Amino acid sequence: MIRTIILQTIIAALFLGSTLLGLASHKGHVLADQLGQQATPNLRTTGEPFADGETVCFLGDSITAGGYVQTIVADYYATRFPNRNITFVNAGRSGDTASGSLKRLQEDVIDKHPTTVIINFGMNDVNRGAYVDNPSESKLATQQQALDRYQAKMEELVARIRQEANEPKLYFMTPSPFDDKVVLDRDNNQPGCNDGLGRCGDILRELAKKNNAVLVDLHGPMTKLNQQQQKLDPTWTIVGSDRIHPGDPGRLMMAWLFLKSQGVPSLISKTVIDAASGKARETVNVDVSSITTTNRGVTFTTRENALPMPINSGPAAVLKLLPIEDELLQQTLTVTGLINGVYDLRIDGTSVGQYPATELKSGINLALNKTTPQSKQARIVVNLNAERRSAEAQACSLLNTRRWMQNYYKVDVEDPAAVQKHYDHFEDKTQYSAGMAKRYMRDWPLYGDFRKQVLELEQAVIKACQLKPHTYELVRTSPVASTKGTATGNQSVVENMPGLVGFWIFGEAPGQPRFSVGTEASLPLTEVGGSIPRDSVGPYSGFSAKLNGKHYFKIPYAETGKLNISGPEAQVSMFSVVRVVNLHHSRTIAGMWSEGKGIHDDSGTRQYGLLMNMPAYGGPRQLVPHISSEGGVTQRADGSRFPWCADYAASVSEVPEETWCTLGFTYDSDYIRAYVNGVMEPRALDPVKDRRNDRYFTQEGPDGGDRGMNPYYHGRGIFRYDPSKHADTKPDGGADFTVGARYAVGSYTRESTIGHFGGLAVFDRALSDAEMKQLHDSANVDALNQDEGL
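Numbered per the working numbering, the sequence shown spans residues 49 to 838.
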């Protein structure tokens with residue numbers, strides 16, 4: 049179990065080439081040979097997992113003192129090794145250096161009797177102010193002096209720890225990067241500083257070899273990931289907007305790297321059941337009993353020895369870039385011998401997902417499934433650790449302020465009048481030190497309460513981690529599209545079209561997810577607002593989903609996978625087979641399109657959307673596919689803003705009503721094209737008639753011309769949600785993939801679609817006119833309309 053004395057720490061990772069060789073095999077992840085480094089002879093790059101009874105001390109600056117990475121690691125140990133008693137001590141202090149830490153080493157480290165000490169200094173030691181464009185000889189000399197001092201003080205620090213703390217195990221973490229390459233809208237760059245931090249890393253390599261310490265390289269892997277992602281988006285960074293402190297994705301990356309350096313297990317549990325024989329074929333870190341097979345499925349009981357570690361939505365974006373799920377988060381269930389069909393997986397009587405028998409045979413990973421009882425229990429653990437982190441953070445910050453006033457300002461901190469006088473002498477009360485003094489006067493009396501709260505929360509974590517047995521049921525709910533209604537089309541045309549990432553034919557029964565067919569991922573569309581009826585007519589499965597304007601389908605943002613198409617060079621195409629019943633009420637076919645709460649609201653996370661009937665800028669009753677590069681409202685070249693997103697093409701024809709048709713669009717990173725029944729009808733801009741007389745439409749197109757209507761020019765790419773940049777301005781997170789509705793004016797159902805959905809496909813490239821026509825022909829909507837007498 050995890051006990052933690054002072055929250056804050058940055059934990060990071062031993063990431064030399066041999067540690068990450070396995071990355072290359074993970075499709076869609078950054079390759080190991082691109083992020084790794086060459087091993088240095090005689091340099092230790094691997095340690096061991098923390099043992100029961102250890103005291104682990106993290107010593108560093110504000111990146112350590114933040115405590116977020118340490119908390120992720122504490123979450124891992126609490127959930128993966130719930131019976132281990134480990135104490136985490138945070139000795140991180142904001143603004144500190146290797147030299148500064150010597151003054152507090154006794155109280156913050158040695159007196160804690162650590163068995164392991166993890167050291168992370170450099171960001172402040174490097175003297176960032178000495179790094180400027182075209183540095184003078186004097187600046188270069190200052191840079192070297194800072195590095196020399198860093199080496200000397202690190203050597204002194206390590207010698208004292210080894211001698212005075214009785215030779216604890218040592219980890220040296222290279223500094224996380226100063227991102228001097230990211231394109232930001234603020235003047236806070238210090239060119240060349242990241243190279244200086246790289247030289248700090250070189251110093252640590254030699255120091256690690258001399259002291260038999262494990263080197264945890266943050267700087268190399270994080271810098272290389274930045275470089276790779278910034279080729280796609282120059283504004284992307286694994287570090288925050290101050291270029292110094294890692295954001296949520298960076299913290300998760302550091303925690304993963306550190307845990308990888310310890311060789312911790314990837315498996316939470318592994319369960320393999322053969323339903324035909326009623327036997328458990330393989331179990332790892334789990335006991336399985338009471339296996340019973342029925343004509344509808346199989347039931348069994350498990351008792352796992354670990355819990356899945358939840359990942360918050362903020363850092364989850366990095367899961368697509370690194371094999372964190374594969375290497376840390378594996379709670380796998382494989383069931384063979386099932387009759388073909390779709391199965392509802394229930395744990396302790398609660399449905400946690402629907403899976404085809406073929407997918408269960410291959411194996412599913414439940415680690416990131418937020419609906420399982422195990423995940424919900426682990427979430428309690430994580431929330432308690434977060435509360436503990438907050439209490440520790442406040443105690444730690446107060447102690448740091450107290451020392452700062454004593455040592456720097458020579459204030460008698462035991463005398464309230466002296467502290468008040470110190471605060472009063474600041475003319476600018478918004479100054480950092482003034483604010484800290486004010487907080488100290490207010491909160492220092494609570495210091496003991498914060499410490500007590502930490503201890504209470506540690507005990508609560510222990511209690512929350514107690515493991516429980518769980519009953520699993522797999523119940524067959526529907527066959528796979530073997531019983532068909534009236535099918536008119538040829539779905540193989542769609543499935544064989546290059547670039548397909550999602551294709552739904554809506555053949556499943558009401559109450560069941562609708563699965564993508566012919567694609568790598570099943571991408572289940574779940575019902576929102578109630579069970580969605582199935583009509584016995586459709587182009588591909590012979591069925592269609594019947595939406596009534598009060599319900600819709602969605603895939604949560606975190607599960608969108610390859611549907612999450614974004615970036616400055618991104619391309620996308622969408623194709624649908626629908627029968628819109630009420631066009632006046634209906635605005636949305638599908639997409640990743642969240643508009644926020646209303647007019648002038650810039651908190652939206654729009655990406656792409658197949659929409660219709662938008663009269664604001666010339667699209668009443670027409671097909672109006674949208675692309676957004678901002679996520680929020682459209683911005684002109686001068687930075688001024690529209691009240692809404694104004695970037696969409698508009699068809700010539702109206703969307704057919706009460707008749708089957710195909711609607712689609714393509715976007716090639718320059719132009720949006722709208723297709724009604726397989727045809728892109730060219731439409732020139734009429735500024736007056738189309739209500740687009742703003743200069744944005746008439747003068748900010750190619751070569752200073754207009755943007756057109758169909759095709760419509762939008763050469764700025766597709767918005768990419770990044771929690772490290774958008775957490776404050778776009779607090780609701782990335783857009784879900786939705787069908788039949790979008791989030792607009794604070795509601796999903798205000799303008800949701802009334803009609804029938806028979807087919808929907810998404811491609812990660814721009815299809816040609818001929819390909820869009822092939823898709824239209826594949827649906828055979830004339831036969832559909834004839835069958836229905838339309």
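Virtual Cβ for every residue (Gly too), placed ideally from N, Cα, C. On a predicted model such as this, the values are computed, not experimentally measured, just so you know.
| Query | Result |
| --- | --- |
| If you draw a straight line from the alpha carbon of residue 832 to that of residue 614, how long is it in whole angstroms? | 35 Å |
| Tell me which residue opens and which closes the alpha helix (DSSP H) that residue 11 is part of. | Since the first residue shown for the chain is 49 and the last is 838, residue 11 is missing from the structure and cannot be characterised. |
| Going by DSSP, which residues form a beta bridge with residue 395? | 398, 520 |
| For residue 603, which of helix, strand or coil comes out of DSSP? | strand |
| For the alpha helix (DSSP H) that contains residue 197, what are its first and last residues? | 185-212 |
| Answer yes or no: do residue 584 and residue 554 have a C-beta to C-beta separation smaller than 8 Å? | no |
| How long is the line joining the alpha carbons of residue 567 and residue 552, rounded to whole angstroms? | 10 Å |
| Where in the region 239-269 do unbroken runs of the beta strand (DSSP E), each at least 3 residues long, occur, reported from the N-terminal end onward? | 262-264 |
| For residue 829 and residue 122, what's the separation of their Cα atoms in angstroms? | 57 Å |
| Kindly give me the distance between the Cβ atoms of residue 296 and residue 771, rounded to whole angstroms, as I take these residues to be in contact under 8 Å. | 5 Å |
| To which residues of the same chain is residue 385 closer than 6 Å at the C-beta, ignoring the five residues directly before and after it? | 322, 323, 324 |
| With residue 304 as the anchor, note down where its beta strand (DSSP E) starts and where it stops. | Not the beta strand (DSSP E): residue 304 falls in the alpha helix (DSSP H), residues 296-309. |
| Looking at the structure shown, is residue 822 part of a helix, part of a strand, or coil, going by DSSP? | helix |
| Could you check what DSSP says for residue 674 in three-state terms: helix, strand or coil? | strand |
| Return the CA-CA distance between residue 130 and residue 315, expressed in angstroms with no decimal places. | 14 Å |
| Going by DSSP in three states, residue 503 sits in which element: helix, strand or coil? | helix |
| Which stretch, first to last residue, makes up the alpha helix (DSSP H) that contains residue 484? | 480-491 |
| Can you give the Cα-Cα distance for residue 780 and residue 340, rounded to whole angstroms? | 43 Å |
| Pop quiz: residue 827 and residue 710 are said to be a contact at Cβ under 8 Å. What is the actual Cβ separation, rounded to whole angstroms? | 6 Å |
| If you draw a straight line from the C-alpha of residue 80 to the C-alpha of residue 370, how long is it? | Legend: pLDDT at residue 80 = 41, less than 50; position of this residue unreliable, value from coordinates given subsequently. Looking at the two C-alpha atoms, the distance is approximately 9 Å. |
| Find out if the Cβ-Cβ distance for the pair residue 715, residue 619 is shorter than 8 Å. | yes |
| Am I right that residue 107 and residue 158 are in contact with their C-beta atoms under 8 Å? What's the rounded C-beta distance? | That pair is no contact at about 11 Å. |
| Where are the beta strand (DSSP E) runs, 3 residues long or more, that stay fully inside the region 551-627, in chain order? | 574-576, 592-596, 600-603 |
| Three-state secondary structure (DSSP) at residue 721? | strand |
| Can you tell me whether DSSP reads residue 339 as helix, strand or coil? | strand |
| Could you name the residues of the same chain whose beta carbon sits closer than 6 Å to that of residue 834, not counting the 5 residues immediately before and after it, in chain order? | none |
| Would you identify the three-state DSSP class for residue 452, choosing helix, strand or coil? | helix |
| Suppose contacts are defined by Cβ-Cβ distances below 8 Å. Is residue 356 in contact with residue 93 by that definition? | no |
| Give a yes or no on contact between the region 463-473 and the region 508-515, applying the rule of three or more CB pairs nearer than 8 Å. | no |
| For residue 510, which of helix, strand or coil comes out of DSSP? | helix |
| Please determine if the region 104-120 and the region 400-418 are in contact, where contact requires at least 3 C-beta pairs separated by less than 8 Å. | no |
| Taking the C-alpha atoms as reference points, what is the distance between residue 612 and residue 251? | 41 Å |
| Taking the C-alpha atoms as reference points, what is the distance between residue 205 and residue 114? | 22 Å |
| From 393, 699, 778, pick the residue whose C-alpha is nearest to that of residue 407; which is it? | 393 |
| What do you reckon, are the CB atoms on residue 542 and residue 548 nearer than 8 Å? | yes |
| Excluding five sequence neighbours on each side, which residues of the same chain lie with their C-beta closer than 6 Å to the C-beta of residue 577? | 598, 599 |
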